[in-house]
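A.B. asks:
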Amino acid sequence: MPDHFLDHAVVSRATEALCKHIAEKKRERRGRRLLEDEPETVLVQLALSQMPRRARHKPYRIPVPHPFLGYGEDPRICIICKQDTVAKLKESVVGQYGLKVEKILGLSTLRTDYKRFEKRRELLAEFDLFLADDRILPMLAKACGKIFFKAKKHPLPIRVRQKAPKLARDIAAVRDSTFLHISQGPCIALRVGHTALTAEQISENIRFVQGWQVHVGHVVDSFRLTNRNCRRNRAVIPAAVDRIPRKWRNIVSIHVKAASTASLPIYMQG
Numbered sequence: 027m028p029d030h031f032l033d034h035a036v037v038s039r040a041t042e043a044l045c046k047h048i049a050e051k052k053r054e055r056r057g058r059r060l061l062e063d064e065p066e067t068v069l070v071q072l073a074l075s076q077m078p079r080r081a082r083h084k085p086y087r088i089p090v091p092h093p094f095l096g097y098g099e100d101p102r103i104c105i106i107c108k109q110d111t112v113a114k115l116k117e118s119v120v121g122q123y124g125l126k127v128e129k130i131l132g133l134s135t136l137r138t139d140y141k142r143f144e145k146r147r148e149l150l151a152e153f154d155l156f157l158a159d160d161r162i163l164p165m166l167a168k169a170c171g172k173i174f175f176k177a178k179k180h181p182l183p184i185r186v187r188q189k190a191p192k193l194a195r196d197i198a199a200v201r202d203s204t205f206l207h208i209s210q211g212p213c214i215a216l217r218v219g220h221t222a223l224t225a226e227q228i229s230e231n232i233r234f235v236q237g238w239q240v241h242v243g244h245v246v247d248s249f250r251l252t253n254r255n256c257r258r259n260r261a262v263i264p265a266a267v268d269r270i271p272r273k274w275r276n277i278v279s280i281h282v283k284a285a286s287t288a289s290l291p292i293y294m295q296g
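Per our numbering, the sequence shown runs over residues 27 to 296.
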C-alpha cells in the first residue's frame with residue numbers, strides 16, 4: 027500500500043470504536059441528566075514533523091460527502107455585509123432557496139449593537155455559520171473580536187455582488203464543507219463530523235477529507251467544486267495547493283478524536 031493512502035479498514039474500526047464509546051458514556055449519563063447531551067464534534071488531528079513557517083488566516087474550504095453543521099438540522103446562517111447591502115440581501119436570500127439564512131447584519135450595526143463582549147458571545151452562540159462580504163473581511167477581525175476566532179467561527183468570505191441563484195449556490199457550498207486552518211503549530215485539527223452522524227458517515231468524511239487534504243501532501247482549495255463532483259473524484263486534485271511543507275513526509279501521524287475521548291491513531295509514519 028503506498029504511504030499516501032489511508033487504510034480504510036483502520037479508519038472504519040477507529041470511528042466505530044469512537045462512536046461506540048461515546049454512546050456508552052451517553053447511556054450512563056442519561057439517568058443523571060434532565061437534558062439530552064448535544065452531539066460531540068469529531069476531529070482529525072495531523073501531527074507534523076515541521077511546523078509551517080507562517081499561519082494562514084483564510085481557511086481552505088473542503089466539501090464533505092456528509093455535511094454536519096447544525097447537528098442534523100439546517101445550520102443557522104448569519105451574513106455580515108456593508109450597511110447599504112442589507113436590504114438587498116434580505117430580499118434575495120433570506121427564506122429563499124432552502125437556505126436557513128436567518129440574519130443579515132450590517133457592519134455598522136455589528137460595531138454599535140454588538141460592541142460589548144456579552145452581545146458578541148450571544149451572537150456567536152445563535153448561529154452555526156457566519157459569512158461575510160469579501161469587501162469588508164479585513165475589517166471584521168476587530169469588529170468580531172477574538173471570541174469568533176477562538177471558536178473557529180469567524181466569518182468566511184463570500185462574494186455577495188452576484189445574482190441571487192449563484193449567491194445561494196455559493197452559500198450552500200460553504201455550508202456543506204469543512205475548513206482547514208493552517209497555524210504555526212505542530213498539529214493541524216480538522217472537523218470531520220459529529221456523533222449525530224453514523225460511524226460510517228464519519229469514516230467516509232475522514233477518508234474523503236484525507237484523500238483531498240493529505241494525499242501526496244496537498245491542501246485543497248476547492249471552492250468551485252460541488253459535492254457531487256467530489257464524490258466522483260477521489261484522486262489527487264490537479265488544482266491542489268501545496269501548503270504543507272515537505273508534503274506527505276511531513277505527516278508524522280493522524281488521529282481521530284472527540285472532545286471527551288482519547289485520540290485513536292489511524293496512520294503512523296513508518
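Using N, Cα and C, we set each Cβ at its ideal position, and we do this for glycine too.
#1: Asp159 by DSSP, collapsed to three states: which one?
#2: Give a yes or no on whether the minimum CB-CB distance between Gly96 and chain C is below 8 Å.
#3: With distances taken between CB atoms, is the gap from Leu44 to Val218 smaller than 8 Å?
#4: Is DSSP giving Ala288 helix, strand or coil here?
#5: Under a Cβ-count criterion, where at least 16 other Cβ atoms within 10 Å of its own Cβ denotes burial, should Gln227 be classed as buried or exposed?
#6: According to the Cβ coordinates, are Met294 and Pro212 closer than 8 Å?
#7: Where does the unbroken beta strand (DSSP E) through Lys315 begin, and where does it stop?
#8: Let me know if Ala40 comes out buried or exposed under the rule of 16 or more other beta-carbons within 10 Å of its beta-carbon.
#9: I'd like the span of the beta strand (DSSP E) that includes Ala215, first residue to last.
#10: Please report the distance separating the alpha-carbon of Leu131 from that of Asp33.
#11: Run the CB neighbour count on Ala225, radius 10 Å, all protein chains shown included, and call it buried at 16 or more, exposed below.
#12: Looking only at its own chain, which residues have a Cβ that is under 7 Å from the Cβ of Leu149, when we skip the five neighbours before and after it?
#13: Can you tell me where the alpha helix (DSSP H) with Ser209 in it begins and where it stops?
#14: Please go through the same chain and pick out, in chain order, the residues whose beta-carbon is closer than 8 Å to the beta-carbon of Ser289, but skip the five residues on each side of it.
#15: Distance check for Val37 and His92, CA to CA, integer angstroms please.
#16: Taking a contact to mean a Cβ-Cβ separation below 8 Å, would you say Ile322 touches Asp159 in this structure?
#17: How many whole angstroms separate the CB atoms of Ile103 and Val127, which I take to be in contact at a CB cut-off of 8 Å?
#18: Go through its chain and collect everything with a Cβ distance to Pro264's Cβ below 7 Å, but skip five positions before and after it.
#19: In the DSSP output, which residue or residues are listed as bridge partners for Tyr293?
#20: Glu230: buried (16+ other C-beta within 10 angstroms of its C-beta) or exposed?
#21: Between the C-alpha atoms of Thr220 and Phe94, what's the straight-line distance to the nearest angstrom?
#22: Hey, which unbroken runs of the beta strand (DSSP E) at 3 residues or more fall wholly within the stretch 104-143?
#23: Can you tell me where the beta strand (DSSP E) with Leu69 in it begins and where it stops?
C.D. replies: According to the structure shown:
#1: Here residue 159 refers to the residue found at position 133 of the sequence shown. Asp159: strand per DSSP, three-state reduction.
#2: The structure shown contains no chain C; it is built from a single protein chain.
#3: As a position in the sequence shown, residue 44 is number 18, starting the count at 1. As a position in the sequence shown, residue 218 is number 192, starting the count at 1. No, the Cβ-Cβ distance between Leu44 and Val218 is not below 8 Å.
#4: Numbered from its first residue, the sequence shown carries residue 288 at position 262. In this structure, Ala288 counts as coil in the three-state DSSP scheme.
#5: Here residue 227 is taken as the residue at index 201 of the sequence shown, counted from 1. Looking at its Cβ environment, which holds 16 or more other Cβ atoms inside 10 Å, Gln227 is buried.
#6: As a first step, residue 294 is located in the sequence shown; it is residue number 268 there, counting from the start. As a first step, residue 212 is located in the sequence shown; it is residue number 186 there, counting from the start. No; because the gap between Cβ atoms is not below 8 Å, this pair is not in contact.
#7: Since the displayed the chain opens at 27 and closes at 296, residue 315 lies outside it and no answer follows.
#8: Indexing the sequence shown from 1 puts residue 40 at position 14. Ala40 is buried by the Cβ-count criterion.
#9: On the sequence shown, residue 215 is found 189 positions in, with the first residue counted as 1. Its beta strand (DSSP E) spans residues Cys213 to His220.
#10: Locating residue 131 in the sequence shown gives position 105, counting from the first residue. Locating residue 33 in the sequence shown gives position 7, counting from the first residue. About 45 Å.
#11: Locating residue 225 in the sequence shown gives position 199, counting from the first residue. That one is buried.
#12: As a first step, residue 149 is located in the sequence shown; it is residue number 123 there, counting from the start. Excluding positions up to five away in sequence, the list reads Tyr140.
#13: Locating residue 209 in the sequence shown gives position 183, where the first residue counts as 1. Taken as a continuous stretch (DSSP letters only), Ser209 belongs to no alpha helix (DSSP H), as it is neither H nor E.
#14: Position 263 of the sequence shown, counting from 1, holds the residue named residue 289. Correct list, in chain order: Gln71, His281, Val282 and Lys283.
#15: Start at 1 with the first residue of the sequence shown, and residue 92 comes out as number 66. Start at 1 with the first residue of the sequence shown, and residue 37 comes out as number 11. Roughly 16 Å between the two C-alpha positions.
#16: This structure cannot speak to residue 322, because the chain is shown only from 27 to 296.
#17: Position 77 of the sequence shown, counted from the first residue, corresponds to residue 103. Position 101 of the sequence shown, counted from the first residue, corresponds to residue 127. Sure, about 5 Å apart at Cβ, within 8 Å.
#18: Your numbering for residue 264 matches position 238 in the sequence shown. The pLDDT assigned to Pro264 is 23, lower than 50, so where the model puts this residue is not dependable, and the model offers no usable value.
#19: Counted from its first residue, the sequence shown places residue 293 at position 267. Per DSSP, Ile280.
#20: Position 204 of the sequence shown, counted from the start, is the residue given in the question as residue 230. Result: buried.
#21: Within the sequence shown, residue 220 is the residue found at index 194, counting from 1. Within the sequence shown, residue 94 is the residue found at index 68, counting from 1. The question names Thr, but residue 220 is His in the sequence shown. Cα to Cα, His220 sits roughly 7 Å from Phe94.
#22: 127-132
#23: Looking up residue 69 in the sequence shown gives position 43. First-last of the beta strand (DSSP E) with Leu69: Thr67 to Leu74.
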